[in-house]
Amino acid sequence: MTRRRDFLKFAVGVVPGLHFTGLAARSVPKRGAAPLQPIAAQVPTTLEATVVPGAKPALRIPLSEVGKFKQHGYGTWKLGGGLKAELRTDLMPGGYEASAAGKGTELLRFFTITDVHITDKEAPNQLIQVGRMTEAVTPISASIYSPVMMCTTQVLDAVVRTVNALHAKHPIDFGLSLGDVCNSAQFNELRWYIDVLDGKVIHPSSGAHLGADSIDYQKPFQAAGLNRSIPWYQTLGNHDHLFMGSFPVDNTLRPDLRAAYTSDTVFTAGNVLADVANLKDHTYSMGVLDGSTPYGEIKYAGKATDFQPAPKVAADPDRRPLGIGEWMAEFSRSTSAPAGHGFDPAQARTGFACYSFLPKANLPLKVIVLDDTQRDDDGSLEIHGHGFLDQARWDWLKGELASGDAAGQLMIIAAHIPLCVAETNPPAPLLPGRKQDPMAWWVNPDPKARVQNAVDLPGLLAELHRHPNLLLWLSGHRHLNTVKAFVGPTPESGFWQVETSSLRDFPQQFRTFAIRLNGDGTISVVTTNVDPAVQAGTLAAKSRSYAIAASQIVKDGDQVEAQNPTGDKSIHFMPRGSYNAELFKQLSPAMTGKLMALAGTLGRKA
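Numbering follows numbering that gives the first Met the number 0, with no gaps: position 306 of the sequence shown is 305.
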């Protein structure tokens, strides 16, 4: 089985204490910003309307031939009917009827975005040629190269505007970003991300800033910024601290990888999809996108011997790679709330990317933000997309769960990588030569290695089931919208896992959540996908068309069921990659009594 999005997930700042002078302050030419890009007048959720791609064209064309998409019918779409929320009572006692829950109180409303993959398309250290070579044989190729790379900042801006419009109708208490804001752990990628949320002028080009005066996706633009009354919090993803989300920047396969980020020479490598050891090869020039062309044409990609001398691009120091601590520190250089977006300076100095917060002072609910990505120094030469907790993070998580119990708090865990969505040691590995599915929980193949996972999946699940106040495990990483029920030994001990899809690949959606205390004392989590309310003619609309075309060309389309390799019957699917649900959860008698006593002061009538 192959999976188109996997390689992006596992394949495909400033040093703390130094003065920050702003993104590319030395190199970005002074140009006027384009005005605010509008969104559609109507802002439905997928409960009211969903994006329906057009029929897949009969003639297959290469993904790089963007200028021919319209001619051959790729990337068309229309708005179709809504998708009703599925009532899920998997965690409830046998015979429970959702219709008996009764009206109650809305305790909390928030949104999640994830896997934005802000991309410096002109960076010299990419793997574009690998994508081109393999797109006819594996859907994974579109996660290495896709024309959506041109408009990642503009898509995020459209999402922010859509959130603001929803907030105007139904107030949102906070936002959660579930990781992979960067594509390849670059400083300029992170600054573009933060600056879009802050509402700054965005210069979405790098190096020589080709086309910044004339090409739509390269022109500076004014971002709207998230409504200042909505605090947003950040989670770490594997792409935020690893090259293409896959390899430590400092590794033995490519000792020159760190220098390649800020080099003026286009990166060379082999086909890493065939064998990760080919990272050390120099057979192919990987290429960059040409920002001076309307369709982001690929240049300098092919056999390295075809380019003599080695192709050059304008170097840019703002492409430098960020370590975890540097990445965390950059969030303190934001003008929106809260300060640091969950990270404080002491954490940035240690690189410990875990924290918790209380979203509403009068609500006994805690959000536990957990870094479950692989460490850079684990010694593995394999793809780094696995779930992982070292001893410090594992001890911290157990402490947070125990303190939440003691305080009588409901709990939500927000982590980039989901649980139990792939087999750690599958009978048929996803990629040649892999002993483990790269989406699975990590097991170090060297049992004597210094860095090991502190807990295996059965041990982690056993611990989570000991905490009846745990409602949700939220994650991104797979670019999918799925919901999985983790049924415990008692109804109170179960919890839900909700995955949110990427803003990069179709369906390019985010999620809203409404947590309700029902009339019968149960909890409902209403989770709804939202398409960015793009307006025709905008770059966000163009990106949606490109994302649909990419899914059509790489033969992935609507077949999200293939992303359920374990055959888990608790994972359900809806058309076109969306999934809406109302998730029921039974609480302990003590927690039910506490919430019912506070109901009048906690929130809005549901």
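Quick reminder that beta carbons are idealized off the backbone N, C-alpha and C, glycines included.
Bear in mind the structure is a predicted one, so any value in this text is a computation, not a measurement.
Would residue i pass as an interface residue toward chain B - the criterion being a Cβ-Cβ separation below 7 Å?
{"i": "proline 344", "result": "Looking at the structure shown, chain B is missing, and only one protein chain is on hand."}
Assuming residue i and residue j make a contact with CB atoms under 8 Å, what is their CB distance in whole Å?
{"i": "histidine 466", "j": "leucine 400", "result": "5 Å"}
{"i": "glycine 79", "j": "threonine 44", "result": "The Cβ separation is near 14 Å, so there is no contact."}
{"i": "asparagine 579", "j": "leucine 46", "result": "6 Å"}
{"i": "histidine 403", "j": "asparagine 480", "result": "Here residue 403 turns out to be glycine, not histidine, going by the sequence shown. At roughly 27 Å, the Cβ-Cβ gap does not stay under 8 Å, so glycine 403 and asparagine 480 are not in contact."}
{"i": "threonine 104", "j": "methionine 148", "result": "That belief does not hold up - the Cβ atoms of threonine 104 and methionine 148 are roughly 44 Å apart, past 8 Å."}
{"i": "serine 501", "j": "aspartate 114", "result": "3 Å"}
{"i": "proline 358", "j": "aspartate 504", "result": "That pair is no contact at about 29 Å."}
{"i": "proline 123", "j": "valine 312", "result": "5 Å"}
{"i": "tryptophan 410", "j": "leucine 470", "result": "Residue 410 is actually methionine in this sequence, not tryptophan. Between leucine 470 and methionine 410 the Cβ distance is about 7 Å, and since that is below 8 Å, they are a contact."}
{"i": "threonine 234", "j": "glycine 178", "result": "5 Å"}
{"i": "aspartate 239", "j": "valine 180", "result": "6 Å"}
{"i": "glutamine 221", "j": "leucine 35", "result": "6 Å"}
{"i": "serine 333", "j": "aspartate 197", "result": "6 Å"}
Taking 7 Å as the limit between beta carbons, can you name the residues of its chain near residue i, skipping five residues before and five after?
{"i": "proline 490", "result": "Leu90, Met91, Pro92, Gln585"}
{"i": "threonine 88", "result": "Tyr95, Ala97, Phe583"}
{"i": "glycine 53", "result": "Gly72, Thr75, Trp76"}
{"i": "alanine 300", "result": "Ile127, Gln128, Arg131, Ser284, Met285, Gly286"}
{"i": "threonine 161", "result": "Ile38, Val42, Val529, Pro531, Ala532"}
{"i": "asparagine 226", "result": "Asn163, His166"}
{"i": "leucine 362", "result": "Leu106, Leu107, Leu601"}
{"i": "valine 368", "result": "Tyr232, Thr234, Gly341, Cys353, Tyr354, Ser355, Ala413"}
{"i": "aspartate 370", "result": "Leu235, Ala352, Cys353, Arg392"}
Return the CA-CA distance between residue i and residue j, expressed in angstroms with no decimal places.
{"i": "threonine 608", "j": "glutamine 217", "result": "No information on residue 608 is available, as it lies outside the stretch 0 to 605 that the chain covers here."}
{"i": "valine 27", "j": "histidine 208", "result": "Because the pLDDT at valine 27 is just 48, under 50, the model does not fix this residue reliably, and the point stays unresolved."}
{"i": "arginine 202", "j": "tryptophan 191", "result": "Sequence check: residue 202 is histidine here, not arginine. Cα-Cα distance, rounded: 8 Å."}
{"i": "proline 437", "j": "glycine 244", "result": "11 Å"}
{"i": "aspartate 343", "j": "alanine 328", "result": "8 Å"}
{"i": "leucine 256", "j": "lysine 483", "result": "38 Å"}
{"i": "valine 265", "j": "valine 454", "result": "41 Å"}
{"i": "leucine 155", "j": "valine 442", "result": "35 Å"}
{"i": "valine 136", "j": "alanine 268", "result": "19 Å"}
{"i": "glycine 322", "j": "threonine 591", "result": "43 Å"}
{"i": "glycine 384", "j": "threonine 537", "result": "33 Å"}
{"i": "glycine 174", "j": "tyrosine 354", "result": "15 Å"}
{"i": "leucine 107", "j": "valine 159", "result": "19 Å"}
{"i": "proline 337", "j": "proline 138", "result": "39 Å"}
{"i": "glycine 496", "j": "tryptophan 472", "result": "Per the sequence shown, residue 496 should be read as glutamine rather than glycine. The alpha-carbon atoms of glutamine 496 and tryptophan 472 are separated by roughly 5 Å."}
{"i": "histidine 478", "j": "threonine 499", "result": "7 Å"}
{"i": "phenylalanine 572", "j": "leucine 82", "result": "11 Å"}
{"i": "leucine 151", "j": "glycine 599", "result": "What sits at residue 151 in the sequence shown is threonine, not leucine. Near 43 Å, if we compare the C-alpha coordinates of glycine 599 and threonine 151."}
{"i": "lysine 365", "j": "leucine 272", "result": "40 Å"}
{"i": "isoleucine 229", "j": "alanine 360", "result": "15 Å"}
{"i": "glutamine 61", "j": "isoleucine 297", "result": "At residue 61 the sequence reads proline, which differs from the glutamine that was named. Computed Cα separation, rounded: 12 Å."}
{"i": "proline 574", "j": "alanine 345", "result": "45 Å"}
{"i": "glycine 21", "j": "aspartate 317", "result": "Only weak support is given to the placement of glycine 21: the predicted model assigns it a pLDDT of 41, under 50, and the value that follows is read from those uncertain coordinates. So the two alpha carbons sit approximately 10 Å from each other."}
{"i": "histidine 643", "j": "arginine 374", "result": "Because the chain spans 0 through 605 in this model, residue 643 falls outside it and cannot be assessed."}
{"i": "isoleucine 143", "j": "glycine 518", "result": "49 Å"}
{"i": "alanine 347", "j": "arginine 510", "result": "28 Å"}
{"i": "phenylalanine 387", "j": "proline 417", "result": "11 Å"}
Within its chain, find whatever has a CB closer than 6 Å to the CB of residue i; leave out the 5 residues flanking it on each side and keep chain order.
{"i": "aspartate 377", "result": "Val450"}
{"i": "glutamate 581", "result": "Ala84, Leu86, Ser523, Val525"}
{"i": "aspartate 315", "result": "Ser205, Gly206"}
{"i": "valine 65", "result": "Pro146, Tyr294"}
{"i": "leucine 594", "result": "Leu516"}
{"i": "tryptophan 395", "result": "Cys353"}
{"i": "alanine 57", "result": "none"}
{"i": "leucine 278", "result": "Leu252, Arg253, Ala268, Val271"}
Taking DSSP's pairing of strands, which residues face residue i in a bridge?
{"i": "asparagine 528", "result": "Arg510"}
{"i": "isoleucine 411", "result": "Val366, Leu471"}
{"i": "glutamate 85", "result": "Ala580"}
{"i": "tryptophan 440", "result": "Gly386"}
{"i": "alanine 268", "result": "Tyr283"}
{"i": "tryptophan 76", "result": "Pro52"}
{"i": "arginine 515", "result": "Glu105, Ser523"}
{"i": "isoleucine 416", "result": "Answer is none; isoleucine 416 lacks a bridge partner."}
{"i": "serine 355", "result": "Ile367"}
{"i": "valine 533", "result": "Ile38"}
{"i": "lysine 568", "result": "Beta-bridge pairing links lysine 568 to no other residue."}
I'd like the list of long-range same chain contacts for residue i, defined as Cβ closer than 8 Å, with 5 residues on each side in sequence excluded.
{"i": "glycine 350", "result": "Gly322, Ile323, Gly324, Met327"}
{"i": "arginine 319", "result": "Gly12, Gln185, Phe186, Tyr260, Thr261"}
{"i": "arginine 59", "result": "Ile552"}
{"i": "serine 587", "result": "Pro467, Asn468, Glu491"}
Checklist entry - If you scan the stretch 97 to 137 from start to end, which runs of the beta strand (DSSP E) of 3 or more residues do you find wholly inside it? => result Note on the stretch 97 to 137: whole beta strand (DSSP E) runs with a minimum of 3 residues are 104 to 112, in chain order.
Checklist entry - Hey, which unbroken runs of the alpha helix (DSSP H) at 4 residues or more fall wholly within the stretch 276 to 349? => result 323 to 329, 344 to 349
Next on the checklist: Just to confirm the assignment: which complete beta strand (DSSP E) runs, minimum length 3, are found wholly within the stretch 144 to 228?
Outcome noted: With a minimum length of 3 residues, the continuous beta strand (DSSP E) runs that stay inside the stretch 144 to 228 are 173 to 176.
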